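Inspection log for the structure reproduced underneath, given as structure tokens.
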Amino acid sequence: MTKTARAHPNIAFIKYWGNTDNRLRLPANPSLSMNLDGLYTQTTVIWRDDLTADELVLNGQAETGAALRRVTAHLDALRERLDIRGWAAVESSNNFPMGTGIASSAASFAALTLAATAAAGLRLNERELSALARLGSGSAARSIPGGFVEWHAGATHEESFAESIAPPDHWELVDVIAVVSGQHKAVGSQEGHKSAATSDLQAARVAGAAGRLAACKSAIQHQDFAALAEVVELDSNLMHAVMMTSRPALFYWLPPTLAVMEQVRRWRADGLRVCYTLDAGPNVQCICVRNDAEQVRQGLTRLSGVLEVLTAGAGGAAFLVNN
Ligand code: PMV
Numbered sequence: 001m002t003k004t005a006r007a008h009p010n011i012a013f014i015k016y017w018g019n020t021d022n023r024l025r026l027p028a029n030p031s032l033s034m035n036l037d038g039l040y041t042q043t044t045v046i047w048r049d050d051l052t053a054d055e056l057v058l059n060g061q062a063e064t065g066a067a068l069r070r071v072t073a074h075l076d077a078l079r080e081r082l083d084i085r086g087w088a089a090v091e092s093s094n095n096f097p098m099g100t101g102i103a104s105s106a107a108s109f110a111a112l113t114l115a116a117t118a119a120a121g122l123r124l125n126e127r128e129l130s131a132l133a134r135l136g137s138g139s140a141a142r143s144i145p146g147g148f149v150e151w152h153a154g155a156t157h158e159e160s161f162a163e164s165i166a167p168p169d170h171w172e173l174v175d176v177i178a179v180v181s182g183q184h185k186a187v188g189s190q191e192g193h194k195s196a197a198t199s200d201l202q203a204a205r206v207a208g209a210a211g212r213l214a215a216c217k218s219a220i221q222h223q224d225f226a227a228l229a230e231v232v233e234l235d236s237n238l239m240h241a242v243m244m245t246s247r248p249a250l251f252y253w254l255p256p257t258l259a260v261m262e263q264v265r266r267w268r269a270d271g272l273r274v275c276y277t278l279d280a281g282p283n284v285q286c287i288c289v290r291n292d293a294e295q296v297r298q299g300l301t302r303l304s305g306v307l308e309v310l311t312a313g314a315g316g317a318a319f320l321v322n323n
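Numbering of the sequence shown is given in this note's numbering, commencing with residue 1 and proceeding in unit increments.
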């Protein structure tokens with residue numbers, strides 16, 4: 001049976017950084033994100049007895065290296081947990097450019113998990129799919145449900161899953177992404193999670209995460225942008241403080257990163273409803289209300305050091321494409 005699934009990437013408002021269990025990717029703290037509409041990974045899977053290994057075609061290119069190994073490791077976890085037999089032929093493509101600071105692993109492992117389990121004839125519920133997607137990439141757990149999503153940290157595989165706290169149309173927020181570098185990040189999140197605990201600040205960041213998540217959730221529920229901006233920027237700053245004070249230190253910011261962050265704060269002081277958040281890279285994701293998004297987009301395109309600007313609203317859940 002061939003099955004095709006689509007999943008959106010997501011942007012975390014409350015960040016996941018560091019694991020309590022690296023193998024199971026149990027996170028050190030709960031996190032909260034918004035799926036990004038219009039951007040997606042589409043993945044087709046067929047399980048075949050006649051293959052001698054998994055196969056991966058990524059954006060039209062046959063892969064044999066690290067990308068295939070990571071897909072096989074995830075498929076091994078699915079084979080073992082769900083008693084699936086055979087090898088998988090996987091074809092996957094993104095409709096958004098790689099290296100733009102949009103984490104493709106979240107959408108990729110969410111789409112792979114849904115397509116692979118459906119192609120094996122399994123009908124899993126959202127919670128099971130989210131926990132399984134987490135094994136491929138932590139943030140992929142959050143790309144299974146739709147809209148605004150909370151990932152419960154949990155102490156076991158079954159307890160660590162994400163669920164929707166509000167549908168995409170609950171609040172018209174837009175992520176306006178200022179791309180300031182097209183370079184691939186030097187240190188990926190997989191390694192970053194492992195070094196998080198070497199920062200003296202990580203324990204404090206983790207200790208306050210549940211409180212920040214509650215504040216963020218309440219801001220979303222009440223559509224209170226000022227409260228959202230405060231906690232989203234604080235949480236991003238805290239994660240980057242941990243990164244910068246890890247051993248070895250991880251510095252993701254470039255000079256234009258800081259310039260955009262400063263501009264965003266100035267715009268907000270002038271009345272625009274916009275705030276920034278950054279993942280493990282130098283590009284700045286500017287979260288704003290729909291009415292202010294066009295002004296933010298135009299302002300960003302005029303800033304020196306900004307190479308490209310992408311926009312995305314709140315997106316839905318991962319789903320199977322008819323085939
Ligand atoms: O899922 P990973 O291992 O790519 O980790 C994602 C880490 C951040 O993007 C920096 C934060 C987050 O919560 O998405």
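For every residue, glycine included, the Cβ atom is placed at its ideal position computed from N, Cα and C. Since the model is a prediction, treat every value here as computed from it, not as a measurement.
- Closest in alpha carbon position to Val309, among Arg212, Ile177 and Ser108, is Ile177.
- No Cβ-Cβ contact shorter than 8 Å links Ala28 with Ala204.
- With respect to Val306, Leu173 sits apart: the two C-beta atoms are not nearer than 8 Å.
- Residue range Ser189 to Ser195 is occupied by the alpha helix (DSSP H) that includes Glu191.
- Going by C-alpha positions, Ser92 is about 22 Å away from Leu82.
- With a cut-off of 7 Å, the C-beta of Lys217 is classified as distant from the ligand PMV, since no heavy atom of the ligand falls inside that distance.
- For Val176, the enclosing beta strand (DSSP E) begins and ends at Leu173 to Val179.
- At least one heavy atom of the ligand PMV is found less than 7 Å from the C-beta of Gln190.
- Apart from the 5 residues on each side of it in sequence, Ala119 sits with its Cβ closer than 8 Å to the Cβ of Met1, Thr2, Lys3, Val45, Ile46, Trp47 and Ala88 in its chain, given in chain order.
- About 7 Å separates the beta carbons of Leu26 and Ala155, which is inside the 8 Å limit, making them a contact pair.
- For Val264, the closest of Gly60, Tyr40, Val274 and Asn322 by C-alpha to C-alpha distance is Val274.
- Excluding five sequence positions before and after Asn59, the CB atoms of its chain that fall closer than 7 Å to its own CB belong to Ser93 and Asn94, given in chain order.
- Counting only unbroken stretches of 4 or more residues, the alpha helix (DSSP H) elements lying wholly within the stretch 235-270 are 255-269, in sequence order.
- Taking 8 Å as the cut-off, the Cβ atoms of His193 and Asn22 count as close.
- Beta-carbon to beta-carbon, Pro282 and Ser143 are separated by about 23 Å, too far to satisfy the 8 Å threshold.
- Listed in chain order, the non-local C-beta contacts of Phe251 below 7 Å within the same chain comprise Met244, local neighbours out to five positions each way being set aside.
- Assignment of beta-bridge partners to Glu308 by DSSP yields Val179.
- The criterion of a C-beta distance shorter than 8 Å is not satisfied by Ile14 and Leu36.
- In the three-state DSSP reduction, Ile84 falls in the coil class, being neither helix nor strand.
- Considering only Arg79, Ile102 and Ala107, the residue with the shortest C-alpha distance to Gly121 is Arg79.
- In the three-state scheme derived from DSSP, where H, G and I count as helix and E and B as strand, Pro167 is classed as coil.
- Taking non-hydrogen atoms of the ligand PMV into account, the C-beta of Asp54 is found less than 7 Å away from none of them.
- DSSP lists Ala12 and Val149 as the bridge partner or partners of Ser33.
- Rounded to whole angstroms, the separation of the alpha carbons of Tyr40 and Phe96 is 7 Å.
- Under the DSSP assignment, Arg205 falls in the alpha helix (DSSP H) whose first and last residues are Gln202 to Gln221.
- Annotation for Ser93 indicates a beta carbon at 7 Å or more from all heavy atoms of the ligand PMV.
- Secondary structure of Gly60 (DSSP, three-state): coil.
- Counting only residues of its own chain and dropping the five nearest sequence neighbours on each side, Phe225 has a CB closer than 7 Å to the CB of Arg273 and Val289.
- Not a single heavy atom of the ligand PMV lies less than 7 Å from the C-beta of Ala314.
- When rounded, the separation of the alpha-carbon atoms in Ala269 and Glu191 is 37 Å.
- Under DSSP, Phe319 takes part in a beta bridge, and its partners are Arg6.
- Pairing Phe148 with Ala314 gives a Cβ-Cβ distance under 8 Å.
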